[in-house]
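In terms of the numbering used here, the sequence shown is residues 16 to 192. The C-beta atom is built at its ideal place from N, Cα and C for all residues, glycine as well. Given the structure is predicted, the values throughout are model-derived calculations rather than measurements.
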Amino acid sequence: MVFAHDTEGALLAAVALVNSAEEPDTLTSVAELDAFFTTNEYTGRHTGSRAELDAVRALRPRLRGLLTSTRDDAVATINEILAEARAVPQLVRHGRLDWHVHAVALDAPLETRILVETAMAMIDVVRTDELDRLSVCAADDCAGLVLDLSRNRSRRFCSVTCGNRMAVAAYRARQAR
Ligand SMILES: [Zn+2]
Ligand SMILES: [Zn+2]
């Protein structure tokens, strides 16, 4: 494991959320937000309203900016988010999850919790100087984010689809020679 389990979980969720904005947008309905909530094992307030969906969708550019920024710029954004949300880190244990950090109350709006959890996770990324674990997909015409949690830092594509697409393109290029 590169980071603590809650850090990895928050980063995976943030990357999935940012990547949902890639065409075709995969976060356009409350049902899709429900699926995101469940898949990423969120707990706490989830109203399932159109307003909540819009607020979570609106986070995506800011999260993308944070996840792709330089180390010093990331620090500025992280500090700003935590101050804005008046974050108070607390260790909590619930459900099947062992001790992990929450920095805002469970009844805070979902978009606030996603934003703060991402900022908290990025604290670890900055402190361990592991920002190169985050990159933009190496496939042509894809702006998806890649979170590389592999031991040998080998991950270059945002999805299996992009990896396969580029493997096929490379094969064709070799055949055409
Ligand atoms: Zn929790
Ligand atoms: Zn991709």
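| Asked | Found |
| --- | --- |
| Beta carbon nearer than 6 Å to a non-hydrogen atom of ligand 1 | Thr-58, Val-107, His-109, Leu-112, His-115 and His-117 |
| CB contact flag (Val-141, Ile-96, <8 Å) | no |
| Sequence ranges, beta strand (DSSP E) only - wholly within the segment 103-140, length at least 3 | 105-109 and 112-117 |
| Proximity test, Ser-35 beta-carbon vs ligand 2 heavy atom, cut-off 7 Å | no |
| Which of helix, strand or coil DSSP assigns to Val-17 | coil |
| His-20 burial status per 10 Å Cβ neighbour count (16 or more: buried) | exposed |
| Residues near Leu-74 by beta carbon distance below 8 Å, same chain, minus five either side | Leu-32, Glu-126, Ile-129 and Leu-130 |
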